[in-house]
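Colleague: In this text, residue positions in the sequence shown follow our numbering: the first is 6, and each later residue adds one.
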Amino acid sequence: MRVLTALVVLLTAALPAAAADGIYSYVEKDGTIVYTNVPPGGARKARKLSGTFTPAPAKSAPVRGRSRTPAELDPHITTAALRYRIPPALVRAIMHTESNFNPNALSHKGASGLMQLMPGTASDMYVKDIFDSKDNIEGGVRYLRVLANMFDGDMVKMVAAYNAGPDAVKKYGGQVPPYAETQEYVRKVLQLYQHYKERERLAQAEASSREPTSENDDAHEGDEAAGPR
């Protein structure tokens, strides 16, 4: 069932030059500039963009400079990863590679948002607002689940298909297609996957070290039972 035909038409019309027809911007009360392909309703004043829309990465976050996910994205990643049974580290690695965690990223091919969803993929994954972080992550992780089911959970094939498309992976017998871009993409994502897995391990170890041991718990309970001396 396709419920987002209007969205697809709006974004497809922008290809391949990534013109901003159907893309709006407005300023939140806190000064945050928001980009969206959904016309804002109510009394909010929005500006319809024209020309080419290619937001640059934030100055504080050069393309290869991030080593961790922005904290505001963590709940969305955790929720979607749990729902679709995809490793959170893989979600972070793909997001890092695709957009460097820039929710307003728009490629010259029309891939949009944090996980750089193409309009057709966004429609298939029921993404309402492609520039909304929660919606984009939900759609991207749901698509990873589709690829996981398609390729029996083979992470290399999943990552290659996310970049080159599942048909390209099938065309080459389930191998990474011989495209320089895709091969470099797979290498980088898997490298970042290991990086984020290690960060998860360190975070878990730190959390465990802060938990009181059962002996300490028993001691505290004994103190409480004895009362003040």
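Even for Gly, the Cβ is constructed at its ideal location relative to N, Cα and C. Remember, predicted model here, so these are calculated numbers, not experimental data.
DSSP on threonine 57, reduced to helix/strand/coil?
Modeller: For the purposes of this step, residue 57 is identified with residue 52 of the sequence shown, where counting begins at 1. Since pLDDT at threonine 57 reaches only 42, below the 50 mark, its modelled position is unreliable, and the value read off the structure follows with that caveat. In the structure shown, threonine 57 sits in a strand (DSSP, three-state: E or B).
Colleague: Near histidine 81, what residues of its chain come up, given a Cβ to Cβ distance below 7 Å and the 5 sequence neighbours on each side ignored?
Modeller: Your numbering for residue 81 matches position 76 in the sequence shown. Ser138, Lys139 and Ile142.
Colleague: Using a Cβ-Cβ cutoff of less than 7 Å, which residues in the same chain neighbour valine 194 once the five nearest sequence positions on both sides are dropped?
Modeller: As a first step, residue 194 is located in the sequence shown; it is residue number 189 there, counting from the start. Apart from sequence neighbours up to five positions away, the residues of its chain that approach valine 194 with a beta-carbon distance below 7 Å are Ala98, Ile99, Thr102 and Val164, ordered along the chain.
Colleague: Note down the Cα distance separating serine 104 from glutamate 77, rounded to an integer number of angstroms.
Modeller: Start at 1 with the first residue of the sequence shown, and residue 104 comes out as number 99. Start at 1 with the first residue of the sequence shown, and residue 77 comes out as number 72. The alpha-carbon atoms of serine 104 and glutamate 77 are separated by roughly 16 Å.
Colleague: Is tyrosine 198 closer than 8 Å to leucine 95 when the C-beta atoms are compared?
Modeller: Residue mapping note: residue 95 aligns to position 90 of the sequence shown, counting from 1. Residue mapping note: residue 198 aligns to position 193 of the sequence shown, counting from 1. When the beta-carbon positions are compared, leucine 95 and tyrosine 198 come within less than 8 Å of each other.
Colleague: Can you name the start and end residues of the alpha helix (DSSP H) that isoleucine 99 belongs to?
Modeller: Indexing the sequence shown from 1 puts residue 99 at position 94. Taken as a continuous stretch (DSSP letters only), the alpha helix (DSSP H) holding isoleucine 99 covers 93-104.
Colleague: I'd like to know whether the C-beta of threonine 187 is nearer than 8 Å to at least one C-beta of chain D.
Modeller: Among the protein chains of the structure shown there is no chain D, as only one such chain exists.
Colleague: Kindly confirm or deny that the stretch 151-159 and the stretch 169-182 touch, where touching means at least three C-beta pairs closer than 8 Å.
Modeller: yes
Colleague: Considering only DSSP beta bridges, list what leucine 111 is partnered with.
Modeller: The count along the sequence shown starts at 1 and reaches residue 111 at position 106. According to DSSP, residue pairing for leucine 111 in a beta bridge involves Ser117.
Colleague: Can you say whether glutamine 121 is buried or exposed, counting buried as having 16 or more other CB atoms within 10 angstroms of its CB?
Modeller: In the sequence shown, counting from the first residue as 1, residue 121 sits at position 116. By the 10 Å Cβ count, glutamine 121 comes out buried.
Colleague: For methionine 160 versus tyrosine 148, is the C-beta distance shorter than 8 Å?
Modeller: Position 155 of the sequence shown holds residue 160. Position 143 of the sequence shown holds residue 148. Contact: no.
Colleague: Run through the DSSP bridge pairs and tell me what leucine 122 is partnered with.
Modeller: Here residue 122 is taken as the residue at index 117 of the sequence shown, counted from 1. Answer is Ser117.
Colleague: Expressed to the nearest angstrom, what Euclidean distance is found between the alpha-carbon atoms of glycine 179 and lysine 162?
Modeller: The residue given as residue 179 occupies position 174 in the sequence shown. The residue given as residue 162 occupies position 157 in the sequence shown. Their backbone Cα atoms lie some 7 Å apart in a straight line.
Colleague: What do you reckon, are the CB atoms on valine 146 and tyrosine 201 nearer than 8 Å?
Modeller: By one-based count along the sequence shown, residue 146 stands at place 141. By one-based count along the sequence shown, residue 201 stands at place 196. No, Cβ-Cβ distance for valine 146 and tyrosine 201 is not below 8 Å.
Colleague: Buried or exposed for leucine 111, going by 16 or more other Cβ atoms inside 10 Å?
Modeller: On the sequence shown, residue 111 is found 106 positions in, with the first residue counted as 1. When all chains shown are included, leucine 111 counts as buried.
Colleague: Using the three-state DSSP reduction, which class does aspartate 157 fall into: helix, strand or coil?
Modeller: For the purposes of this step, residue 157 is taken as the residue at position 152 of the sequence shown. Aspartate 157 falls in the coil class under three-state DSSP.
Colleague: Just verifying my parser: in three-state terms, what is the DSSP assignment at lysine 133?
Modeller: Counted from its first residue, the sequence shown places residue 133 at position 128. In this structure, lysine 133 counts as coil in the three-state DSSP scheme.
Colleague: Can you tell which of Asp134, Glu205 and Tyr184 has the C-alpha that lies nearest to the C-alpha of threonine 74?
Modeller: Here residue 74 corresponds to residue number 69 of the sequence shown, with the count starting at 1. When only C-alpha atoms are compared, the closest one is Glu205.
Colleague: Would you mind reading off the limits of the alpha helix (DSSP H) that contains threonine 74?
Modeller: As a working mapping, residue 74 is identified with position 69 in the sequence shown. Run containing threonine 74: none; DSSP gives neither H nor E here.
Colleague: Let me check understanding here. Comparing Cα to Cα, which of Pro92, Thr83 and Leu207 lies closest to arginine 150?
Modeller: Against the sequence shown, residue 150 aligns to sequence position 145. Nearest of Pro92, Thr83 and Leu207 to arginine 150, Cα basis: Pro92.
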